[in-house]
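Input: a single structure, listed below in structure tokens.
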Amino acid sequence: PVLRLLPRIGGTALDDALNDIAWSLDARADFHADARYRRDLVRHLGRQVIGEALA
Numbered sequence: 006p007v008l009r010l011l012p013r014i015g016g017t018a019l020d021d022a023l024n025d026i027a028w029s030l031d032a033r034a035d036f037h038a039d040a041r042y043r044r045d046l047v048r049h050l051g052r053q054v055i056g057e058a059l060a
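For the sequence shown, the working numbering begins at 6 and goes up steadily by one.
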């Protein structure tokens with residue numbers, strides 16, 4: 006697990022921050038998923054979790 010503290014942001018700034026986080030995690034491919042899928046998962050779940058936390 007990795008903890009990242011972000012200021013309260015939204016919209017494209019949040020997308021940019023999640024993209025930076027996804028690339029910084031050095032996702033690797035294996036027989037379960039490729040690296041791109043893992044980065045996409047970080048972006049999708051990150052946006053979902055942050056949205057729920059701020060609701």
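Glycine included, C-beta positions come from ideal geometry on N, C-alpha and C.
Any non-hydrogen atom of the ligand GDP closer than 8 Å to residue i Cβ
{"i": "Asp39", "result": "No copy of the ligand GDP appears in this structure; indeed no ligand is present at all."}
Pair within 9 Å by beta-carbon distance, residue i and residue j
{"i": "Ala34", "j": "Arg48", "result": "no"}
{"i": "Arg13", "j": "Leu59", "result": "yes"}
Reduced DSSP secondary structure (H/G/I, E/B, other) of residue i
{"i": "Asp31", "result": "coil"}
{"i": "His49", "result": "helix"}
{"i": "Arg41", "result": "helix"}
{"i": "Val7", "result": "coil"}
Reference residue i; option with closest CA among the options
{"i": "Arg9", "options": "Gly15, Gly16, Thr17 and Ser29", "result": "Ser29"}
{"i": "Ala22", "options": "Pro6, Asp31 and Gly51", "result": "Gly51"}
{"i": "Gln53", "options": "His37, Leu19 and Arg41", "result": "Leu19"}
{"i": "Ala32", "options": "Arg43, Asn24 and Asp25", "result": "Arg43"}
{"i": "Asp25", "options": "His37, Phe36 and Leu11", "result": "Leu11"}
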